[in-house]
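**Student:** Under my numbering, the letters of the sequence shown match residues 10 to 164, in that order.
Positions of the beta carbon are idealized from the N, C-alpha and C atoms, including for glycine.
As the structure is a prediction and not an experimental result, all values here were calculated from the model.
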Amino acid sequence: MHAPHISVVVPNHNYGRFLDRFFGALAAQTFSPDAVEVVFVDDASSDDSVQRARGWQADGPWAAFRVLALPRVGRPGPVRNAGAKAARGSFLLFCDPDDYLAPDFLRHTHAALTEPCGPDEQSCAPGPLPGPHIACVDYIEESPAGSRVVQVPDF
Numbered sequence: 010m011h012a013p014h015i016s017v018v019v020p021n022h023n024y025g026r027f028l029d030r031f032f033g034a035l036a037a038q039t040f041s042p043d044a045v046e047v048v049f050v051d052d053a054s055s056d057d058s059v060q061r062a063r064g065w066q067a068d069g070p071w072a073a074f075r076v077l078a079l080p081r082v083g084r085p086g087p088v089r090n091a092g093a094k095a096a097r098g099s100f101l102l103f104c105d106p107d108d109y110l111a112p113d114f115l116r117h118t119h120a121a122l123t124e125p126c127g128p129d130e131q132s133c134a135p136g137p138l139p140g141p142h143i144a145c146v147d148y149i150e151e152s153p154a155g156s157r158v159v160q161v162p163d164f
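Okay, here's the thing in structure tokens:
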């Protein structure tokens, strides 16, 4: 099997209630699922997280889907690092289970990192892109008090 373009690393502890929405949005991406690997890293959840992830592992469209079940770490950094170490993709995307990706997220982000003009000619930058690559995107933060747009500053 060839290495995937994007590895989506999903650290988790007791977020099973969000997994169907998260993986449903990931499955609905306009970027080819054959180029995506999912690395689900569970930090000893006591809910149904691992069972839900294994369901998506069995039925999901991705090139690869691995479930790593860790003994309780209790800190997100080492859990994310375990996923990064296991990932085989050229690009890493770290998502939390309560994130929700817009349908074109992977396609646009991958294009922004690999194509000089991104997914459309309007964002064209002259010359080759310098490396290494990192993408930071604006997002919507939702809470019981409402939602707000968080914009990443231009660099």
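(1) Residue range of the beta strand (DSSP E) that Phe-74 falls in?
(2) Grouping DSSP H, G and I as helix and E and B as strand, with all else coil, what is Pro-153?
(3) Since Thr-39 contacts Asp-147 with CB under 8 Å, what's their CB separation in whole angstroms?
(4) Given Ala-34, which residues of its chain have a CB within under 7 Å of its CB, disregarding the five upstream and five downstream residues?
(5) When burial is assigned at 16 or more other CB atoms within 10 Å of the CB, is Arg-61 buried or exposed?
(6) Judging by CA-CA distance, which residue of Ala-93, Ala-44 and Asp-105 is the nearest neighbour of Phe-32?
(7) Below 6 Å CB to CB, which residues in the same chain sit around Asn-21 once its five sequence neighbours on both sides are set aside?
(8) For Glu-46, is the classification buried or exposed, using 16 other Cβ atoms within 10 angstroms of its Cβ as the cut-off for buried?
(9) Starting from the Cα of Val-17, find the closest Cα among Gly-25, Val-161, Ala-36 and Asn-23 and give me that residue.
(10) Just reading off the alpha helix (DSSP H) that Phe-27 is part of, what are its end residues?
(11) Per DSSP, what are the beta-bridge partners of Pro-85 in this structure?
**Tutor:** In brief:
(1) Walking along the sequence shown from the start, residue 74 turns up at place 65. Per DSSP, the continuous beta strand (DSSP E) segment holding Phe-74 begins and ends at 73 to 79.
(2) Here residue 153 refers to the residue found at position 144 when the sequence shown is read from its first residue. Three-state DSSP puts Pro-153 in coil, outside helix and strand.
(3) As a position in the sequence shown, residue 39 is number 30, starting the count at 1. As a position in the sequence shown, residue 147 is number 138, starting the count at 1. About 19 Å; that fails the 8 Å criterion.
(4) If you number the sequence shown from 1, residue 34 lands on position 25. Tyr-109 and Leu-110.
(5) Position 52 of the sequence shown holds residue 61. It counts as buried.
(6) Your numbering for residue 32 matches position 23 in the sequence shown. For the residues Ala-93, Ala-44 and Asp-105, the minimum Cα distance to Phe-32 belongs to Asp-105.
(7) Within the sequence shown, the letter at position 12 stands for residue 21. Same-chain partners within the cutoff: Asp-51, Ser-58 and Pro-106.
(8) In the sequence shown, counting from the first residue as 1, residue 46 sits at position 37. With 16 or more Cβ atoms within 10 Å of its Cβ, Glu-46 is classed as buried.
(9) Here residue 17 corresponds to residue number 8 of the sequence shown, with the count starting at 1. Among Gly-25, Val-161, Ala-36 and Asn-23, the Cα nearest to that of Val-17 belongs to Ala-36.
(10) Mapped onto the sequence shown, residue 27 falls at position 18. If you look at Phe-27, you'll find it in the alpha helix (DSSP H) that goes 25 to 36.
(11) On the sequence shown, position 76 is the one that residue 85 refers to. Partner(s): none; Pro-85 has no beta bridge.
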